[in-house]
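Residue numbers (the working numbering): 1 to 860.
Glycine included, each C-beta is placed from N, C-alpha and C at the ideal position.
As structure tokens, the structure follows; a few thoughts come after it.
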Amino acid sequence: MDLRYVAFTRADSHFYDRIRTVTRPDAPTDQHFKPAKSVDWSLWRRGPQSGPWNYFQPPDSVLPEQGWKIHCSATQANAQELLDTVSAYCGHNLVPFKFLRTAADLMFSNSKQANRTSSGKFITIYPADSVATQRVITELDELVTAADGPYILSDVRWNRGPLYLRYGAYLPMHTNDSFGDRVPAIRRPDGSLEPDLRGTSFRTPDWAQIPDFVRAQQDKLKSRDAFPYSITEALHFSNSGGIYSALDDAGINLVIKEGRPFTAPDANGRYAIDRIRNEYDTLTHLADNPYSPSALNLFEREGHHFLVTERAPGAPLNQEIALRYPLIRADQTLSSRTEYRTWALGIAQQLTTAVESFHNAGIVHADLHPGNVMCSPSGIRIIDFEMAHNIDEQPPRSTGAPGYTAPQQLTGIEADRYSLGCIELGLFVPLTTLLPLDRNKIPELIGYAVSRFDLPRAFCASLYSMLDAQPPEPEDHPHRWDTSSRETLQRMDARLRCGILTTLDLSRADRLFPGDIAQFEVNGYGIAHGSCGNLLADDLPTDTLETVLEWTEHQVDSDTQPRFGFFDGLAGAVHTFRQLGRHSTADRWVETLRGVPLDALDSSLFGGLSGIGCLLLEESESCPAASSTLALVTETLRDRLPAARAHVRFTDGTSWATTGRGGLMRGPSGQALFWTRHYERTGDPRSLEHARQLVDIDLSVMRMCPDGSMQLREERRTMPYLGSGSVGVGLALLQLVRHVDEPRYASALLAIARAAAVEFTAQAGLLNGRAGLILFLGELSKSPYAGADCEQTLAQQFQLLGLHSLNHAGGLHFPGEQNLRLSTDWATGSAGILASLRHTGSATARQSFPLMCASNCHIA
1 MDLRYVAFTR ADSHFYDRIR TVTRPDAPTD QHFKPAKSVD WSLWRRGPQS GPWNYFQPPD
61 SVLPEQGWKI HCSATQANAQ ELLDTVSAYC GHNLVPFKFL RTAADLMFSN SKQANRTSSG
121 KFITIYPADS VATQRVITEL DELVTAADGP YILSDVRWNR GPLYLRYGAY LPMHTNDSFG
181 DRVPAIRRPD GSLEPDLRGT SFRTPDWAQI PDFVRAQQDK LKSRDAFPYS ITEALHFSNS
241 GGIYSALDDA GINLVIKEGR PFTAPDANGR YAIDRIRNEY DTLTHLADNP YSPSALNLFE
301 REGHHFLVTE RAPGAPLNQE IALRYPLIRA DQTLSSRTEY RTWALGIAQQ LTTAVESFHN
361 AGIVHADLHP GNVMCSPSGI RIIDFEMAHN IDEQPPRSTG APGYTAPQQL TGIEADRYSL
421 GCIELGLFVP LTTLLPLDRN KIPELIGYAV SRFDLPRAFC ASLYSMLDAQ PPEPEDHPHR
481 WDTSSRETLQ RMDARLRCGI LTTLDLSRAD RLFPGDIAQF EVNGYGIAHG SCGNLLADDL
541 PTDTLETVLE WTEHQVDSDT QPRFGFFDGL AGAVHTFRQL GRHSTADRWV ETLRGVPLDA
601 LDSSLFGGLS GIGCLLLEES ESCPAASSTL ALVTETLRDR LPAARAHVRF TDGTSWATTG
661 RGGLMRGPSG QALFWTRHYE RTGDPRSLEH ARQLVDIDLS VMRMCPDGSM QLREERRTMP
721 YLGSGSVGVG LALLQLVRHV DEPRYASALL AIARAAAVEF TAQAGLLNGR AGLILFLGEL
781 SKSPYAGADC EQTLAQQFQL LGLHSLNHAG GLHFPGEQNL RLSTDWATGS AGILASLRHT
841 GSATARQSFP LMCASNCHIA
């Protein structure tokens, strides 16, 4: 689970959104922070009004590029008071500073899902030099030394207050990292830029001199009490703290769980350290229970609390499911499903017994999910009792894991039973995150589990009881998705279109159609996650089309920090407006593209030079001015060819790809697609050779799996999907084999087709789900490399999309990335699924997959 997504589930029950500011003074999460009223701020310069920060800079002051800056952390309770004190000091002493705009921003910064490298920072202060830094932090410390605040992991703490120090950039500077990504930078003494690295421990660049007053603080930290256990491995990190494997003095394996002070407040207002203490008390109460670990110690260091328990043997249940689940393998059979059913029913029985034993002891666990169940040959153990409470206590507000948290009306034992029901259903269909979005999925998922695993009636009846649902009547038809004929496919198309249109919100300035959280991190108009993707996927009604085009044009023109790529920015907007006949606007934006600094962009298809280059190949046919820019892009990509292997890693002689860096969207295969297109336009044989070299890099990190499928290997997993998996490599290969006849490429396509034939996928979307498999199979079916069963497999994948389909507000929807909320965007949601269905069904050219799959080698 990507915890970033959880933070965007709080604002809306069906779509990812950020908590937006309103004017209700009684809502603490909507509070706007204000600088001290004792200072006249009228002459101070304010920074850009974007992002979560408010910038204040004295008149006529000039910030240095970088230096020793001061951070101040805060809690929800003391934030405004701290801001009053710190901003008054800065105002009277003419020191530039910035602070988070709202209490919602601060809550997110301190939440469990926050980025640990920047968490806790509420105010940042920019002294003019290191001498000024020492003076400012010393004087401020006298004013705020007793204030509470989270520990900022990337900094050096000043004494025992909320102030911290770090060397870094003051002004926005950027450079490319080893992968070509644009990242924050600092300037070396020779004038060159290097990445401004931000980790979870204090570090400075090798060339930066650490002042004596900073070293003195480091020495204070080192001189404090030694840690009483030997840490052997970090098992998990979140902003609330780490979980570590450790040894005691006798060499016994233990688990140590950390709670950081004033971080990760839950819905009940308890911080991580409060939950650590609660877990210790609960495990002490359950000391003789065979299904819970024993608590051994609870101690504190520098405000951090540490719980020491025995280490439960085995692996988490979610990992065991991933290893055993037969439906994610292309060679699954009735025998393999039967074997899995026997194991899973055994686990379900043990779970039921374990949870009942807790209830009999008067304890409600309140956070049951597969990650908290440890499996070993000797049986199961349940861990993580942070949220546990006594049966006779008022239950805390529900804050469990997504997909396993009971509805609000179920509390106590009933809430535990609901979570248990989700785990047991998830053993057979791991899609319980869909249930909060549409309760009618319960009979549908149970029905699917019965059809594939022949589950006992008594087990199914127990599932319905635990999930507080009723079995469907015989005349009910819970399966709402039907692609068995052209007529039913047209009905699904219409319902998808209805679902997309009902979500259109013209009152918003940040996005029109709800989609991935990238809408809030990048922009709301790109093809992947914004309005351009919806424009390409669907035939909008004329009046709606005009409005969406106007909104999109305004957003592109007013973007102060634009992206220029095909799927995330300006190049994609050019493509979209060109397809819709808005040639004058497209021409104007092409002129903007001609001035883009190429060195500032990576080489990827998604947001870099390969995608822009593919667009310019088309534009150059009718726009001679684009040819000169295309030549520069081509030469830059050619110069970068030696760096294309930067994502390849080796462990014990086995190659694998850095997470998300292989494949089509951000890896070498996307660059290969550009060079294949370039060869088709120019006939230059060097371009074809470049394409082969790049595809071969991705093929070098592919793995032949036991089921005969070929998948792209990352460090801890193999990936079949379109964005960064083998299917995306397959799409690039399908373009290349039009011009290169090599048996090994034909063999690779056959094995990749096996990867696209798996029955179960965790997600439905285009880049990381089933729709991408459908797109590849559709393209493969039109080629000479399709196997005899390709059409049948394609039809099955069409129908299996229904596992993810959901009803909402009269339309048909699909969940986005992580399955926690619905999405209507192109990369993760309904627009991409609609585009894939229409393209695979040989619909009109504009609705086909942008850029890469048009059979006539033109942009679709």
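Among the options, which one has its Cα closest to the Cα of residue i?
i: ALA625; options: ALA77, ALA657 and ARG588; result: ARG588
i: HIS647; options: GLY653, GLY660, ARG638 and ARG640; result: GLY660
i: ARG188; options: PHE179, ALA208 and THR200; result: ALA208
i: ASP392; options: ILE363, PRO370 and TYR418; result: ILE363
i: VAL144; options: THR85, ASP516 and GLN796; result: THR85
i: ASN372; options: ASN297, PHE227 and TYR291; result: TYR291
i: ALA509; options: ILE380, THR547, GLY581 and THR75; result: THR547
i: ILE70; options: GLY168, GLN797 and ASN115; result: GLY168
i: LYS37; options: SER13, GLN80 and ALA831; result: GLN80
i: ASN819; options: THR636, GLY723 and TYR16; result: TYR16
i: VAL758; options: GLN792, ASN768 and GLN797; result: GLN797
i: ARG645; options: CYS623, GLU680 and LEU694; result: LEU694
i: ALA449; options: PRO326, ASN390 and ALA494; result: PRO326
i: LEU83; options: GLY67, LEU100 and TRP68; result: LEU100
i: LEU62; options: LEU171, PRO436 and ALA264; result: According to the sequence displayed, residue 62 carries Val and not Leu. Taking only the C-alpha atoms, the option nearest VAL62 is LEU171.
i: GLU65; options: LYS220, ALA128 and ASP288; result: ALA128
i: LEU368; options: PRO52, LEU334, LEU247 and ILE423; result: ILE423
Which whole-angstrom value describes the C-beta separation of residue i and residue j, a residue pair presumed to lie in contact below a C-beta threshold of 8 Å?
i: GLY421; j: MET374; result: Not really, about 20 Å apart at Cβ, beyond 8 Å.
i: TRP656; j: ARG649; result: 5 Å
i: LEU615; j: ALA571; result: 5 Å
i: SER805; j: LEU812; result: 6 Å
i: ALA879; j: ALA537; result: This structure does not reach residue 879, given that the chain is present from 1 up to 860, and the question cannot be answered.
i: GLY241; j: HIS304; result: 7 Å
i: PRO370; j: LEU317; result: 4 Å
For residue i, is the classification buried or exposed, using 16 other Cβ atoms within 10 angstroms of its Cβ as the cut-off for buried?
i: GLN799; result: exposed
i: SER376; result: exposed
i: GLN519; result: buried
i: MET107; result: buried
i: ARG45; result: exposed
i: LEU540; result: buried
i: SER603; result: buried
i: PHE385; result: buried
i: ALA909; result: What the structure shows of the chain is the stretch from 1 to 860, and residue 909 is not part of that stretch, so it cannot be assessed.
i: ASP557; result: exposed
i: ARG713; result: buried
Between the alpha carbons of residue i and residue j, how many angstroms are there, rounded?
i: GLU233; j: ILE252; result: 14 Å
i: VAL590; j: HIS739; result: 30 Å
i: LEU193; j: ILE186; result: 6 Å
i: PRO478; j: ILE446; result: For PRO478, the pLDDT reaches just 47, beneath the cut-off of 50, and the residue's location in the model is therefore unreliable, leaving the point undetermined.
i: GLY565; j: GLY526; result: 9 Å
i: ASP26; j: HIS32; result: With a pLDDT of 42 at ASP26, under the threshold of 50, the modelled position of that residue is not reliable, and the figure given next carries that caveat. Their backbone Cα atoms lie some 12 Å apart in a straight line.
i: SER620; j: HIS554; result: 25 Å
i: ASP274; j: LEU296; result: 18 Å
i: ALA860; j: THR542; result: Caution is warranted here: a pLDDT of 31 is assigned to ALA860, below 50, making its placement in the model unreliable, and the coordinate value is therefore given only provisionally. Their backbone Cα atoms lie some 21 Å apart in a straight line.
i: ARG18; j: SER687; result: 44 Å
i: ARG452; j: LEU298; result: 47 Å
i: GLY778; j: ILE752; result: 13 Å
i: LEU598; j: TYR280; result: 56 Å
i: VAL406; j: ALA7; result: Sequence check: residue 406 is Ala here, not Val. Each residue's Cα considered, the two are about 18 Å apart.
Assuming residue i is part of the alpha helix (DSSP H), what are its boundary residues?
i: LYS220; result: 212-222
i: ARG497; result: 486-502
i: GLY611; result: 609-622
i: PRO743; result: 743-755
Could you give the residue range of the beta strand (DSSP E) that holds residue i?
i: HIS554; result: Element bounds for HIS554: not the beta strand (DSSP E) but the alpha helix (DSSP H), 542-558.
i: PRO184; result: 182-187
i: LEU298; result: 295-301
i: PHE99; result: 97-100
i: TRP158; result: That residue, TRP158, is in no beta strand (DSSP E); it is neither H nor E in DSSP.
i: ALA348; result: Counting along the chain, ALA348 falls outside any beta strand (DSSP E), though it belongs to the alpha helix (DSSP H) covering 334-360.
i: ALA234; result: 230-238
i: MET466; result: That residue, MET466, is in no beta strand (DSSP E); its alpha helix (DSSP H) goes 457-466.
When the cut-off is 8 Å and only beta carbons count, does residue i lie next to chain B?
i: SER111; result: Checking the listed chains, one finds no chain B in this structure; it contains a single protein chain.
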